[in-house]
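Undergrad: Chains X and G supply the protein sequences, listed in that same order. Sequential numbering of the first sequence, starting at 3, is according to this note's numbering. Sequential numbering of the second sequence, starting at 58, is according to this note's numbering. Every residue, glycine too, gets a C-beta built ideally from N, C-alpha and C. Sharing a structure, written as structure tokens. Questions coming.
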Amino acid sequence: MAGIVEKWKKFREPGYPGKFDYHWGMVIDLDRCSGCEACVVACQAENNLPIVGEKQFALNREIKWIRIERYWQGEYPDAKVTFMPMLCQQCDQAPCEMACPVFATYHNQDGLNTQIYNRCIGTRTCAVYCPYEVRYFNWYTFKWDEPLEQQLNPDVSVREKGVMEKCTFCIQRIRQAKDHAKDRGGDQRVRDGEISPACVQACPTEAIVFGDFNDPDSAVSKAAEDKRNYRVLEKLNTTPSIVYLSKVEQHG
Amino acid sequence: MSVSVLAALRTFKKHALIVLAVIVGFTVGHLVNANFYSDDAPVQPIEFSHRIHAAENEIPCMHCHVHAATSINAGVPSVNKCMNCHRAMPGVWESPEILKVRGYWERSEPIPWVKVYDLPDFVYFPHKRHIQAEVECQSCHGDVQEMDRVEKVSPLKMQWCLDCHKTREVENGRDCWTCHK
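Below, the structure is given as structure tokens:
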């Protein structure tokens with residue numbers, strides 16, 4: 003217990019992910035996003051997300067680790083729409099982490115905000131604390147109809163009823179890349195561009211860039227220096243690991 | 058006048074006998090199950106002896122479990138692997154267990170070995186990481202070279218994994234997502 007509290011205190015220091023092995027992050031260019039939802043489908047396939055069905059969907063119980071939010075401006079026929087992929091922001095100072103009574107959500111050495119399914123008791127406090135509303139609860143143990151269970155990813159566990167889940171930045175791919183880096187020898191570090199989560203891989207317009215923020219030369223660090231950069235709900239001081247680049251508006 | 062509860066209990070004699078019979082039944086059943094039908098040393102389709110192969114003939118583990126050093130799974134050898142050696146061994150070619158192997162070979166079927174060390178689905182266990190860290194096969198699997206039928210000697214519990222990770226000071230070895238998925 004004391005160990006966890008000490009670790010937790012360490013995580014409260016500003017700029018602490020700089021001391022970590024890696025600091026995984028994303029840059030999402032909203033000017034490139036066309037709202038095609040390829041990322042949503044890719045995530046669904048990669049991470050064994052269940053199809054909850056029409057009735058549960060109507061009760062707002064769908065499970066989508068990444069969703070496309072639509073923001074409308076103006077009235078028809080002059081309506082404009084902005085699409086915004088919303089997924090777990092992997093906050094450095096995550097509100098969900100201080101909420102969990104059983105430490106089922108915590109920060110790991112990669113600056114990832116992770117969820118341990120086996121430890122989760124399903125109080126759903128984290129979902130209440132999350133300002134981005136990207137945590138999803140398994141209200142039932144969902145079944146995959148034949149032959150859909152054949153496409154389940156063996157690297158990701160299938161969650162059961164009563165467990166909270168959320169985007170992991172495709173931690174199974176991160177783990178695989180680290181494994182390859184260790185097999186390769188040398189400095190045993192993952193090189194830039196070796197990991198692409200399912201959403202990044204699927205994006206047809208390459209709107210999402212993934213990489214290590216601790217490395218100043220990585221593609222993601224350079225993309226984050228764009229003038230249009232901002233973080234969602236920055237005033238809450240959650241310091242998210244996802245940087246958005248705002249959409250370029252045409253005036254006149 | 059003394060009041061005794063025994064008189065009142067006498068009517069429950071039958072129930073007591075039933076309860077006793079159930080307890081005895083469960084105990085005997087448990088003992089039979091643990092000693093003869095245990096999952097720790099399941100009966101395999103072929104009485105393959107690691108003692109004969111690994112100890113008497115000194116075949117290294119990696120000769121048959123070829124993928125252990127380079128893959129997540131150690132890998133069970135194919136029937137082809139068995140036949141490669143046993144074709145050249147006329148001494149045991151007609152023995153009953155080899156006849157079974159030859160049967161699988163002729164029917165082009167894999168041998169349905171029973172898994173002894175079965176980890177839960179939520180555990181990520183790469184054999185290669187452990188072998189490259191120079192962990193002996195025997196430290197988890199026991200003295201397999203002394204066993205005629207492979208027996209599970211490790212509890213495969215999280216505490217057991219973590220004890221080793223702590224003593225060997227594994228990098229990130231205590232992070233949940235290093236082993237869980």
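Anyone know if the C-beta pair for H120 (chain G) and A131 (chain G) falls short of 8 Å?
TA: Not closer than 8 Å, so no.
Undergrad: Since D94 (chain X) meets chain G, which of its residues come closer than 7 Å, beta carbon to beta carbon?
TA: Chain G residues near D94 (chain X): none, gap ~17 Å exceeds 7 Å.
Undergrad: Name the residues in the stretch 176-196 of chain X whose C-beta lies less than 8 Å from a C-beta of chain G; which are they?
TA: So the list reads R177, D181, K184, D185, given in the order they occur along the chain.
Undergrad: Taking C-beta pairs closer than 8 Å, name the residues in chain X that Y161 (chain G) reaches, listed in chain order.
TA: Result: empty, since nearest Cβ-Cβ is about 26 Å, beyond 8 Å.
Undergrad: With DSSP as the reference, label K82 (chain X) as helix, strand or coil.
TA: DSSP places K82 (chain X) in strand when its eight states are reduced to three.
Undergrad: Just checking my contact of W170 (chain G) with V133 (chain G) at CB under 8 Å: how many whole Å lie between their CB atoms?
TA: With a Cβ gap of about 6 Å, W170 (chain G) and V133 (chain G) count as contacting.
Undergrad: P103 (chain X): buried (16+ other C-beta within 10 angstroms of its C-beta) or exposed?
TA: Its Cβ having fewer than 16 others within 10 Å, P103 (chain X) is exposed.
Undergrad: Give me, in chain order, the residues of the same chain whose beta-carbon lies closer than 8 Å to that of I116 (chain G); leave out the 5 immediate sequence neighbours on both sides.
TA: Only H110 meet the Cβ criterion.
Undergrad: In chain order, which beta strand (DSSP E) runs of at least 3 residues are fully inside the stretch 145-216 of chain X?
TA: Runs found: 210-214.
Undergrad: Are the stretch 162-180 of chain X and the stretch 69-87 of chain X touching, with three or more C-beta to C-beta distances below 8 Å?
TA: Taking 8 Å as the limit for Cβ pairs, the verdict is that the stretch 69-87 of chain X does not touch the stretch 162-180 of chain X.
Undergrad: Along the chain, where does the alpha helix (DSSP H) containing L61 (chain X) start, and where does it finish?
TA: Looking at the DSSP string, L61 (chain X) is not in any alpha helix (DSSP H), and its letter there is neither H nor E.
Undergrad: Determine, using beta carbons only, whether V165 (chain X) comes closer than 8 Å to chain G.
TA: No - not a single Cβ of chain G is within 8 Å of the one on V165 (chain X).
Undergrad: Could you check which residue in X:P218, X:V211, X:W146 has the C-alpha nearest to that of L32 (chain X)?
TA: The residue with the shortest Cα to Cα distance from L32 (chain X) is X:V211.
Undergrad: Quick one: Cα of K66 (chain X) to Cα of A40 (chain X), how far?
TA: One C-alpha to the other measures close to 12 Å.
Undergrad: Does the stretch 213-233 of chain X come close enough to the stretch 45-56 of chain X to have 3 or more Cβ pairs within less than 8 Å?
TA: No, the stretch 213-233 of chain X does not touch the stretch 45-56 of chain X.
Undergrad: Sorted by chain position, which residues of the same chain lie with C-beta nearer than 6 Å to L235 (chain X)'s C-beta, five sequence neighbours on each side aside?
TA: Taken in chain order, the residues that qualify are P133.
Undergrad: Please report the straight-line C-alpha distance between A221 (chain X) and G195 (chain X), rounded to a whole angstrom.
TA: Answer to the nearest angstrom: the Cα atoms are 8 Å apart.
Undergrad: For the beta strand (DSSP E) that D31 (chain X) lies in, which residues bound it at each end?
TA: Element bounds for D31 (chain X): 26-31.
Undergrad: The beta strand (DSSP E) spanning W217 (chain G) covers which residue range?
TA: That residue, W217 (chain G), is in no beta strand (DSSP E); its alpha helix (DSSP H) goes 215-224.
Undergrad: Write down the C-beta distance between Q111 (chain X) and D23 (chain X) rounded to the nearest angstrom, noting that I regard them as a contact closer than 8 Å.
TA: Correct: roughly 5 Å between the Cβ atoms.
Undergrad: For S159 (chain X) and chain G, any beta-carbon pair shorter than 8 Å?
TA: By this cut-off, S159 (chain X) is an interface position.
Undergrad: Along the chain, where does the alpha helix (DSSP H) that runs through I70 (chain X) open and close?
TA: It is not in any alpha helix (DSSP H) - I70 (chain X) instead sits in the beta strand (DSSP E) that spans 68-75.
Undergrad: Would you grab the beta carbon distance between C93 (chain X) and T240 (chain X) for me? Rounded to a whole angstrom, and I think it's under 8 Å.
TA: At roughly 4 Å, the Cβ-Cβ gap stays under 8 Å, so C93 (chain X) and T240 (chain X) are in contact.
Undergrad: Mind listing the chain X neighbours of K238 (chain G)? Cutoff is C-beta to C-beta under 7 Å, in chain order.
TA: Simply D157, V158, S159, Q174.
Undergrad: Whole angstroms is fine: what's the gap from Y108 (chain X)'s alpha carbon to K229 (chain X)'s?
TA: Straight-line Cα distance between these residues: approximately 32 Å.
Undergrad: Name the chain X residues whose beta carbon is nearer than 8 Å to that of D232 (chain G)?
TA: Chain X residues near D232 (chain G): N110, Q111.
Undergrad: Are the C-beta atoms of N120 (chain X) and some chain G residue less than 8 Å apart?
TA: Interface residue, yes.
Undergrad: Just how far apart, CA to CA, sit A78 (chain G) and L150 (chain X)?
TA: Distance between the alpha carbons of A78 (chain G) and L150 (chain X) is about 48 Å.
Undergrad: Quick check on this structure: which residue in X:A225, X:R126, X:K145 has the alpha carbon closest to the alpha carbon of E136 (chain X)?
TA: Sequence check: residue 136 (chain X) is Val here, not Glu. Of the listed residues, the one whose Cα sits closest to V136 (chain X) is X:R126.
Undergrad: To the nearest angstrom, how far is the alpha carbon of V62 (chain G) from that of N140 (chain X)?
TA: So the two alpha carbons sit approximately 54 Å from each other.
Undergrad: Around the C-beta of V250 (chain X), are 16 or more other C-beta atoms found within 10 angstroms, so that it is buried, or is it exposed?
TA: Exposed: under 16 other Cβ atoms inside 10 Å.
Undergrad: For I155 (chain G), report the span of its alpha helix (DSSP H) as first-last.
TA: Segment 153-164, the alpha helix (DSSP H) holding I155 (chain G).
Undergrad: To the nearest angstrom, how far is it from the Cα of A98 (chain G) to the Cα of P183 (chain G)?
TA: So the alpha carbons of these two residues sit roughly 23 Å apart.
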